[in-house]
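Asks:
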Amino acid sequence: MGINVITPPTITSVISDADLRTHLRIIAGEEELMAVYRLAAHRAAEHYTGYAIGAQVLELALDAFPEDEIQLPGGKVTSITSITYKDTAGANQTLPGTDYVLDDYSSPPRVVPAVDVTWPTSTQDVANAVRVRYAAGDVPDAAKAAILLATAHLYQNREAVTTGAMVELPLGVRHLLDTIRVYGA
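Next comes the structure, spelled out in structure tokens:
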């Protein structure tokens, strides 16, 4: 099982340049550095939480259909774009949208067959034969605050070591991200 980001979020849709400049008290000419730190903080937050921060399109790949549900990593899922698979002859097939339902109340969200429908019983025996493409992500206030804190920390501490002691991210970053972290996924 693997997941790819098909359409990443627009990073400025999570934290605008103006908000970040104000937060960091950026001096003219350091905008590129600011952008690097913001992107690093955003990716670290997504990695730590398992949560899609900012609207994006993801694709989950499976080797075959499961017996019942397909759990969708990434936190909040807003819609299913498509479910495709390779049939036993190797031809690409797309399931009709009426054959499945998004259960966005479950954690993690999942897609299940519609009433009186079952998943196809066989696929071609290849890796990633089944693909679920879906829209996921939002911008919880805790994620935004954590990214601001982490970006500010990276901006102000440009080296890994300060006076012989390891510089770590502020404790508040982890506490904020723990509020949206997807556990057990």
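The numbering of the sequence shown is my numbering, which starts it at 7 and goes up by one.
The beta carbon of each residue, even a glycine, is placed where N, CA and C say it ideally should be.
From a predicted model like this one, the values you see are computed outputs, not experimental measurements.
1) Determine, using beta-carbon pairs with one atom in the segment 24-32 and one in the segment 83-92, whether at least three such pairs fall under 8 Å.
2) Answer yes or no: do Ala-47 and Ile-153 have a C-beta to C-beta separation smaller than 8 Å?
3) For Ala-65 and Pro-115, what's the separation of their Cα atoms in angstroms?
4) Buried or exposed for Val-136, going by 16 or more other Cβ atoms inside 10 Å?
5) Quick one: residues in its chain with C-beta nearer than 6 Å to the C-beta of Ser-19, no 5 flanking neighbours on either side, listed in chain order?
6) If I measure Cβ to Cβ from Pro-72 and keep anything under 8 Å in the same chain, skipping five residues before and after, which residues do I get?
7) Where do the N-terminal and C-terminal ends of the alpha helix (DSSP H) with Gly-178 fall, by residue?
8) What is the C-beta distance between Glu-75 and Val-132, in whole angstroms, given that I count them as a contact (C-beta under 8 Å)?
9) Based on Cα-Cα distance, which residue from Gln-62, His-53, Asp-25 and Ser-22 lies nearest to Thr-13?
10) Let me know the secondary structure DSSP gives Asp-109 once reduced to three states.
11) Would the beta-carbon of Asp-177 fall within 8 Å of that of Ala-151?
12) Within 10 Å of its beta-carbon, does Thr-157 have 16 or more other beta-carbons around it, so buried, or fewer, so exposed?
13) For the beta strand (DSSP E) that Tyr-140 lies in, which residues bound it at each end?
14) What first and last residue would you give for the beta strand (DSSP E) that runs through Leu-66?
15) For Glu-52, count the other beta carbons within 10 Å of its own beta carbon; 16 or more makes it buried, fewer makes it exposed. Which is it?
16) Please classify Ala-24: does DSSP put it in a helix, a strand, or coil?
17) Assign Gly-8 to one of three DSSP states: helix, strand, or coil.
18) How many angstroms separate the CA atom of Ser-128 from the CA atom of Asn-98?
19) Which same chain residues, not among the five before or five after Tyr-43, have their C-beta less than 7 Å away from its C-beta?
20) Report, in whole angstroms, the separation of the C-beta atoms of Val-138 and Tyr-57, which I expect to be a contact under 8 Å.
Replies: For this structure:
1) no
2) yes
3) For the sequence presented, residue 65 should be read as Glu rather than Ala. Straight-line Cα distance between these residues: approximately 14 Å.
4) Buried, by the Cβ-count rule.
5) Gly-60
6) Trp-125
7) For Gly-178, the enclosing alpha helix (DSSP H) stretches over residues 177-184.
8) Contact doesn't hold; Cβ gap of about 22 Å is too wide.
9) Considering only Gln-62, His-53, Asp-25 and Ser-22, the residue with the shortest C-alpha distance to Thr-13 is Gln-62.
10) strand
11) The amino acid at residue 177 is misidentified as Asp; the sequence shows Leu. With contacts defined by Cβ atoms closer than 8 Å, Leu-177 and Ala-151 do not form a contacting pair.
12) buried
13) 136-142
14) 62-68
15) buried
16) helix
17) In this structure, Gly-8 counts as strand in the three-state DSSP scheme.
18) 13 Å
19) Annotation for Tyr-43: Thr-157, Leu-160 and Tyr-161 place their beta carbon closer than 7 Å to its own, counting only its chain and skipping 5 residues before and after.
20) With 8 Å as the limit, Val-138 and Tyr-57 do not qualify as a contact, their Cβ atoms being about 18 Å apart.
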